[in-house]
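Trainee: Questions regarding the structure given below will be posed in turn.
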Amino acid sequence: MTKDYDLVILGGGTGGYVAAIRASQLGLTVAIVEKSNLGGTCLHQGCIPSKALLRSAELFKNIQNAREFGIDVQDATLNFEQVQTRKENIIKQLHAGVTQLMKKGKIDVYKGFGRLLGPSIFSPIAGTISIEHEDESENTMLIPKNVLLATGSSPNTLPGLEIDGKQIISSEEALNLEVLPESIVIVGGGAIGVEWASMLSDFGVAVTLIEYQNHLLAEMDESISKEIEKSLKAKGIQIYTSAEVLPESLEKTNHVQVSFKQHDDVHTVQAEKLLVSVGRAANINGIGLENTDIKIEDHHIVVNEFYQTKESHIYAIGDCIGGMQLAHVASHEGIIAVEHMANETPEPIDYNTVSSCVYSHPEVAMVGLTEKKAKEKGYDLKIGIFPFKANGKALVHGDASGFAKIITDKKTEDILGVHMVGPDVTNLISEAGLAKVLDASAREIGATIHPHPTLSEVIGEAALAVDGKQIHG
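Rendered as structure tokens:
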């Protein structure tokens, strides 16, 4: 079977299906080829299920601390089977919603593995999509005018610490645990590692976290990293930074044992399971790139500011092009790519205005430059910091850890970066993101009247603190 389309998208994750909806709005005929389920990693193995588990962990921890609020709760226990059921129900509901959006947009969805073919009898240019089906039926051929590669990524592994799905797991296997382990070693202190460390600790698991860099969340501002490390240690998590795991030391019995080198010392840790959390690798193998002139660098597809590859009718977005591997980034990249191929005039993304979040407890969020990077770029800085412990709403909530930090250019008063750690900062950061987009100054944020009592007052006070004018600090 062959069929013509204006656009065929390889990958039905967040970037792919959002791009499909925008293309449909622009009047293009669209098909998505997805080997698994619509929604991709974010909906099924990442953003949504992990946040569902994090919410259960947070609530469990809050119930255990309910006496601080004057509420006595007797014998609160964790029903992890129900925790997983709730997670799955959320996924099913959102998946049904995405499926309905495809029907609404008259977007065809093909289940199978898509591969790019070179010029052929079907098309004089590379880009015909051959779909292999699980039932081994005859391949379906789709002939598009444009192609969008949105194939996403998969968990990285370390040589010698290969995933076995039982004792050595990635975040994907962790999401489907039937029973919580008594103990776990997490290798990697990035966003995923920190979220799992926080979550499992709140569930009552003994956690050891090993990070190669000299601080957790290496891409974040160092002041934020220090604060989150302090908070995680307060939960009882054992944290080792500047630590190199020695895979050759791995031993698997009824437990997992591994050694790591920290400075000149070698330590050995043992746990029921080991979670490898060392980033993600682009899914670009086997999709037929060798049949095109598409350029690859550092195992990522090379694109221009509108996400065109070297083959001008083939675009690529999301994790497979590297950069900020975030669902909301992939979505906007997809919109820009589709608008460009439809001869619209989209504005390229300024990645310096894109917020990044970590959904641990406490939460972490940032937009723009860190203090270190701002200094490296030669800026003369003015910085305002304001703690949540001076915020009435944070005290009412019983969670006053952390702070907001605003970094500005002393010469122009431009906001260079905003960094937050504390309660609900993954929601609060959007105000800072808007400020970056509108090129607002700290003075303008400080002049904005923030309602009282709210957590958002921390941003206003931090903005005032840039010039030493904070009221409550």
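In terms of this note's numbering, the sequence shown opens at residue 249 and continues consecutively. Glycine included, each C-beta is placed from N, C-alpha and C at the ideal position. It should be emphasised that the depicted structure is a prediction, and the values quoted were computed from it without experimental measurement.
#1: Under 7 Å, do valine 256 and valine 395 count as touching if we go by C-beta distance?
#2: Just list the beta strand (DSSP E) runs in the stretch 408-472, keeping only unbroken ones of 3 residues or longer that don't cross its boundaries, in chain order.
#3: For alanine 300, count the other beta carbons within 10 Å of its own beta carbon; 16 or more makes it buried, fewer makes it exposed. Which is it?
#4: Tell me whether the stretch 432-448 and the stretch 603-622 touch, counting them as touching only if at least three CB pairs, one residue from each stretch, are closer than 8 Å.
#5: My parser needs the beta strand (DSSP E) runs of 3 or more residues fully inside the stretch 280-368; what are they?
#6: Hey, asparagine 404 and glycine 566: beta-carbon distance below 7 Å or not?
#7: Taking 7 Å as the threshold (C-beta atoms), are isoleucine 655 and isoleucine 631 in contact?
#8: May I have the straight-line CA-CA distance separating aspartate 541 from valine 266, to the nearest angstrom?
#9: In terms of alpha-carbon separation, which member of Asp450, Gly721, Leu494, Asp687 lies closest to aspartate 662?
#10: Secondary structure at leucine 396, three-state DSSP: helix, strand or coil?
#11: Expressed to the nearest angstrom, what Euclidean distance is found between the alpha-carbon atoms of histidine 561 and valine 550?
#12: Kindly list the residues whose CB is nearer than 8 Å to the CB of cysteine 290, restricted to its own chain and excluding five residues on each side of it in sequence; keep chain order.
#13: Got a sec, what are the start and stop residues for the alpha helix (DSSP H) threonine 674 sits in?
#14: Please state the DSSP three-state secondary structure of methionine 614.
#15: At the 7 Å Cβ level, is alanine 585 part of the contact set with chain D, yes or no?
#16: Just the Cα atoms here: how many angstroms apart are asparagine 591 and leucine 276?
#17: Straight-line CA distance for glycine 708 to isoleucine 280?
#18: Is serine 385 helix, strand or coil by DSSP?
#19: What is the C-beta distance between serine 385 and arginine 363, in whole angstroms, given that I count them as a contact (C-beta under 8 Å)?
#20: For phenylalanine 554, which residues in the same chain have their Cβ closer than 8 Å to its Cβ, ignoring the five residues on either side in sequence?
#21: Measure the Cβ-Cβ separation of serine 402 and isoleucine 411 and say whether it is below 7 Å.
#22: Excluding the 5 residues flanking proline 635 on each side, which residues of the same chain have their C-beta closer than 6 Å to its C-beta?
#23: Per DSSP, phenylalanine 554 is paired with what?
#24: Do leucine 712 and lysine 641 count as a contact pair if the criterion is CB distance below 7 Å?
#25: Starting from aspartate 657, follow its DSSP beta bridges and name the residues at the other end.
#26: Count the other C-beta atoms from every protein chain shown that fall within 10 angstroms of the C-beta of lysine 620, then say buried if there are 16 or more, exposed otherwise.
#27: Within 10 angstroms of its Cβ, does valine 666 collect 16 or more other Cβ (buried), or is it exposed?
#28: Taking contact to mean 3 or more Cβ pairs, one atom from each stretch, closer than 8 Å, check whether the stretch 475-490 and the stretch 444-455 are in contact.
#29: Under the three-state reduction of DSSP, which class applies to leucine 390: helix, strand or coil?
#30: Below 8 Å on the Cβ atoms is my guess for isoleucine 472 versus valine 669; work out the distance and round it to an integer in Å.
#31: Kindly identify the DSSP beta-bridge partner or partners of alanine 491.
#32: Where DSSP assigns a beta bridge to arginine 528, which residues make up the other side?
#33: Which of helix, strand or coil does DSSP assign to histidine 576?
#34: Measure the C-alpha to C-alpha separation of leucine 464 and serine 479 and round it to an integer number of angstroms.
#35: Nearest CA to the CA of glutamate 492: which residue from Glu282, Pro671, Val506?
#36: So alanine 398 packs on alanine 578, CB below 8 Å; how close in whole Å?
Mentor: A quick look at the data gives this:
#1: Mapped onto the sequence shown, residue 256 falls at position 8. Mapped onto the sequence shown, residue 395 falls at position 147. Yes; because the gap between Cβ atoms is below 7 Å, this pair is in contact.
#2: 431-435, 454-458
#3: Numbered from 1 along the sequence shown, position 52 holds the residue referred to as residue 300. Buried is the call here.
#4: yes
#5: 356-359, 361-365
#6: Counted from its first residue, the sequence shown places residue 404 at position 156. Counted from its first residue, the sequence shown places residue 566 at position 318. No, the pair does not count as a contact, with Cβ atoms beyond the cut-off.
#7: Here residue 631 refers to the residue found at position 383 of the sequence shown. Here residue 655 refers to the residue found at position 407 of the sequence shown. Yes, Cβ-Cβ distance for isoleucine 631 and isoleucine 655 is below 7 Å.
#8: Looking up residue 541 in the sequence shown gives position 293. Looking up residue 266 in the sequence shown gives position 18. So the alpha carbons of these two residues sit roughly 26 Å apart.
#9: Here residue 662 refers to the residue found at position 414 when the sequence shown is read from its first residue. Per the Cα distances, Asp687.
#10: Residue numbering aside, residue 396 sits at position 148 when the sequence shown is read from its first letter. Reduced to three states, the DSSP call for leucine 396 is strand.
#11: To locate residue 561, count along the sequence shown from 1; it is residue 313. To locate residue 550, count along the sequence shown from 1; it is residue 302. About 14 Å.
#12: Within the sequence shown, numbered from 1, the residue matching residue 290 stands at position 42. Excluding positions up to five away in sequence, the list reads Gly261, Thr262, Ile296, Ala575.
#13: Against the sequence shown, residue 674 aligns to sequence position 426. That run of the alpha helix (DSSP H) goes 673-685.
#14: In the sequence shown, residue 614 corresponds to position 366, counting from 1. Residue state, collapsed to three classes: strand.
#15: This model lacks chain D altogether; it includes just one protein chain.
#16: Within the sequence shown, numbered from 1, the residue matching residue 591 stands at position 343. Within the sequence shown, numbered from 1, the residue matching residue 276 stands at position 28. Their Cα atoms are separated by approximately 12 Å.
#17: Numbered from its first residue, the sequence shown carries residue 708 at position 460. Numbered from its first residue, the sequence shown carries residue 280 at position 32. Taking the straight line from one Cα to the other gives about 44 Å.
#18: Here residue 385 refers to the residue found at position 137 when the sequence shown is read from its first residue. Looking at serine 385 - three-state DSSP - the assignment turns out to be coil, as it is neither helix nor strand.
#19: One-based indexing of the sequence shown puts residue 385 at position 137. One-based indexing of the sequence shown puts residue 363 at position 115. Actually they do not touch by this definition, with Cβ atoms about 16 Å apart.
#20: Within the sequence shown, numbered from 1, the residue matching residue 554 stands at position 306. Contacts found: Tyr563, Ile584, Ala585, His588, Pro594, Pro596.
#21: Here residue 402 refers to the residue found at position 154 of the sequence shown. Here residue 411 refers to the residue found at position 163 of the sequence shown. Contact: no.
#22: In the sequence shown, the residue the question calls residue 635 occupies position 387. For proline 635, where only same-chain residues beyond five positions count, the Cβ hits under 6 Å are Phe651.
#23: Counting from 1 along the sequence shown, the entry for residue 554 is found at position 306. The partner list for phenylalanine 554 (beta bridge, DSSP) is empty, contrary to what the question assumes.
#24: Taking the first residue of the sequence shown as 1, we reach residue 641 at position 393. Taking the first residue of the sequence shown as 1, we reach residue 712 at position 464. Contact flag unset, no.
#25: Counted from its first residue, the sequence shown places residue 657 at position 409. Answer is Leu629.
#26: Here residue 620 corresponds to residue number 372 of the sequence shown, with the count starting at 1. Exposed, because fewer than 16 other Cβ atoms sit within 10 Å of the Cβ of lysine 620.
#27: On the sequence shown, residue 666 is found 418 positions in, with the first residue counted as 1. It is buried - the Cβ of valine 666 has at least 16 other Cβ atoms within 10 Å.
#28: yes
#29: For this step, residue 390 is matched to residue 142 along the sequence shown. Looking at leucine 390 - three-state DSSP - the assignment turns out to be strand.
#30: Locating residue 472 in the sequence shown gives position 224, where the first residue counts as 1. Locating residue 669 in the sequence shown gives position 421, where the first residue counts as 1. Contact holds; Cβ gap of about 5 Å.
#31: What you label residue 491 is simply residue 243 of the sequence shown in a count that begins at 1. In the DSSP output, where bridge partners are listed per residue, alanine 491 has Gln510.
#32: Numbered from its first residue, the sequence shown carries residue 528 at position 280. The partner list for arginine 528 (beta bridge, DSSP) reads Pro403.
#33: The sequence position of residue 576 within the sequence shown is 328, counting from 1. Histidine 576: helix per DSSP, three-state reduction.
#34: Within the sequence shown, residue 464 is the residue found at index 216, counting from 1. Within the sequence shown, residue 479 is the residue found at index 231, counting from 1. One C-alpha to the other measures close to 12 Å.
#35: What you label residue 492 is simply residue 244 of the sequence shown in a count that begins at 1. Selected option, being the one with the closest Cα: Val506.
#36: Translated into the one-based positions of the sequence shown, residue 398 becomes position 150. Translated into the one-based positions of the sequence shown, residue 578 becomes position 330. The Cβ separation is near 7 Å, so the contact holds.
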